[in-house]
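Numbering (the numbering used here), first residue to last: 1345 to 1909.
For glycine and all other residues, C-beta sits at the position ideal for the given N, C-alpha and C.
Quick caveat: nothing in here was measured; it's all calculated off a predicted structure.
Some notes on the structure that comes next.
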RNA sequence: UGUCCUGUGGUGUAAUUGGCAACACGUCUGACUCUGGAUCAGAAGAGUCCAAGUUCGAGCCUUGGCAGGACAACCA
């Protein structure tokens, strides 16, 4: 942002991680270097919670003139795929961050990790266990009861090396043998009770193919990768807090100089009226409750992008919510505020009618077409003006008219005068109904002297309505989105499935909407403000001759609040 | 009957490291306006989980409680 920019910067408050870093820099730890990493597993699409982590990791490095690596945590071939690698890279880039050539994969380190495991075996700190998963699990004890040692715990080093090599060579089946660290089966921390280091998986890996059939566990890979990459701050979410002693144990076995990476945990993002776990999002996709990972109702980055959210709005949002160790739920209203704030500054204004009601201006010539001047963006004078065609027959929004208006309604009703934005004052003279009493059209008269929207006699009107010419327009489809769930915390109910709270009206498709011709050549993802309604962008589903708009967010609407009282 | 983490307005974060609770969103007024938008001005809303203690003074320190969360995958 340039120095002379009048725009408000979101105030960056110092979070607890930055405080830790400041202290470390004072102590001269790691030479004052800051190097972070964003480490997704390529087994699904990124969501707004990941965006928080991305902004934290890349943002922290930027703040301290450090670097951030992109590292794929691909230690489990049975869950991962290159499709996800590509979508993750696209999303991180779209958010505005770059990792230059520092794109790493845990699988890059399979060789070094194997050597490290061998070293632990030689030092008597790891052993091969023949027992099956259930037996090992039973021996592990419970959080309140210590575990018992495996009968294979004290094999000789030679035997362990031999067995581990044979595991690697594919001589055993999945589940037959694992490599475990020899730490402490009585530790109060479950993760220190001889954790599994390697397991046998015979599914081909998306990068290394069938070169390997033994794969390191997360705990045995993550910290070591951090170490080898020179990461100084390994920022992860709260559930890894209890893994930290193990993270440090491995680093102790590996460490040679003074440098050491530090794991710091923060609270993951929870948003009201949505779910955030990959498992639940996957369920919504698989069971067709939504139309894919990039459904505009999804909290995925691809969904938000398609919905019309901008990278800036998501970055501002991430900054605003802060970083702490307190588990909470952020109000989606804050996310919505972030996108409105951004689009208000940037979006091209346009008039569009979603629920059209025809208005005939009886004293306006039939063949006449006038080009009215309209402002493209009142927040940005440089955006200039455009022409909007005005004709005898136009459409207005159906709920901008009421035959019997309540007290505070000051839009159109029989006998009242309103302004058509950028056009004329009109007065309603007749309400035309069908045989069932439904209003099918309105007859109005216009005041020719009010051209442009002001009357020379200084007469005031209380309302300004948006409108679209009935002949000079583009007919479009508009998709209205609402929250996916009606409950603030759909996943927070013990005995009720989160899907019970799904909002049946989260998607409404309107096919008979009219927008001024200006949008005719808009491209996918272009954003507009439909005046008085909200922000809408072009959905990628759009094909030539058939524009499809997504509603990104509604404008704040004082009338709808009054109406409900 | 364990270990670790966390408790500040409705929500999310702050509080110069002990000096009398601030900011944002939301809510409610009012002004202005050719968007009932934006903008501007203002208001309400917490006495910081509880209790005791140290201190002239505690959201920050001490002790003891209470509440919530994480941990028992050959997932990450």
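Span of the beta strand (DSSP E) around residue 1473:
1470–1473
Taking buried to mean at least 16 other C-beta atoms within 10 Å of its own C-beta, is residue 1763 buried or exposed?
buried
In three-state terms, what does DSSP make of residue 1902?
helix
According to DSSP, residue 1739 sits in a beta bridge with which residue or residues?
1702, 1812
CB residue 1474 to CB residue 1458, shorter than 8 angstroms?
no
DSSP three-state call for residue 1726: helix, strand or coil?
helix
Spatially closest choice to residue 1727 from 1510, 1689, 1494, 1491, by CA coordinates
1689
Buried versus exposed, by CB contacts within 10 Å (16 or more), residue 1659
buried
So, helix, strand or coil for residue 1587, using DSSP?
helix
Output the boundary residues of the beta strand (DSSP E) element that contains residue 1772.
1769–1777
State the beta-bridge partners of residue 1871 as determined by DSSP.
1881
Taking just the CA atoms, how far does residue 1887 sit from residue 1447?
36 angstroms
In the structure shown, what three-state DSSP assignment does residue 1339 receive?
Any answer about residue 1339 is impossible in this case: the structure gives the chain only from 1345 up to 1909.
Cβ-based neighbour list, residue 1678, same chain, cut-off 8 angstroms, excluding 5 preceding and 5 following
1661, 1664, 1665
Going by CA-CA distance only, name the one from 1512, 1373, 1533, 1610 that's closest to residue 1542.
1512
Which partner residues of residue 1696 appear in the DSSP bridge assignment?
1859
Looking only at C-alpha atoms, which of 1627, 1633, 1568, 1618 sits nearest to residue 1603?
1568
From which residue to which residue does the alpha helix (DSSP H) around residue 1508 run?
1501–1512
Runs of beta strand (DSSP E) wholly within the region 1792–1837 (minimum 3 residues, chain order)
1811–1813, 1818–1825
Can you give me the C-alpha to C-alpha distance between residue 1670 and residue 1613, rounded to a whole angstrom?
10 angstroms
Restricting to Cα atoms, I'd like to know which of 1492, 1491, 1444, 1500 is closest to residue 1470.
1500
Report yes or no: do three or more beta-carbon pairs, one from the region 1817–1826 and one from the region 1845–1854, lie closer than 8 angstroms?
yes
Have a look at residue 1744 and residue 1719 and give me their C-alpha separation to the nearest angstrom.
22 angstroms
Helix, strand or coil, according to DSSP, for residue 1480 in the structure here?
helix
Starting from residue 1578, follow its DSSP beta bridges and name the residues at the other end.
1607
Taking only runs of the beta strand (DSSP E) that begin and end inside the region 1630–1710, which ones reach a length of at least 3 residues, in chain order?
1692–1694, 1700–1705
Can you name, in chain order, every residue of its own chain whose Cβ lies under 6 angstroms from the Cβ of residue 1607, other than the five neighbours on each side?
1578, 1588, 1591
Which word fits residue 1802, buried or exposed, when buried means at least 16 other C-beta atoms lie within 10 angstroms of its C-beta?
exposed
I think residue 1551 touches residue 1451, with their Cβ atoms under 8 angstroms apart; what is that distance to the nearest whole Å?
5 angstroms
Range covered by the beta strand (DSSP E) that runs through residue 1541
1540–1544
Inside the region 1389–1439 only - beta strand (DSSP E) runs reaching at least 3 residues:
1411–1416
Any 3 or more C-beta pairs closer than 8 angstroms across the region 1731–1741 and the region 1703–1711:
yes
I'd like the span of the beta strand (DSSP E) that includes residue 1788, first residue to last.
1783–1790
Cβ contact (3+ pairs, closer than 8 angstroms) linking the region 1558–1573 and the region 1401–1409:
no
For residue 1350 and residue 1723, what's the separation of their Cα atoms in angstroms?
Residue placement at residue 1350 cannot be trusted, given a pLDDT of 34 that sits under 50; the coordinates are not used to answer.
Option in 1649, 1833, 1682 with minimal Cα separation from residue 1431
1649
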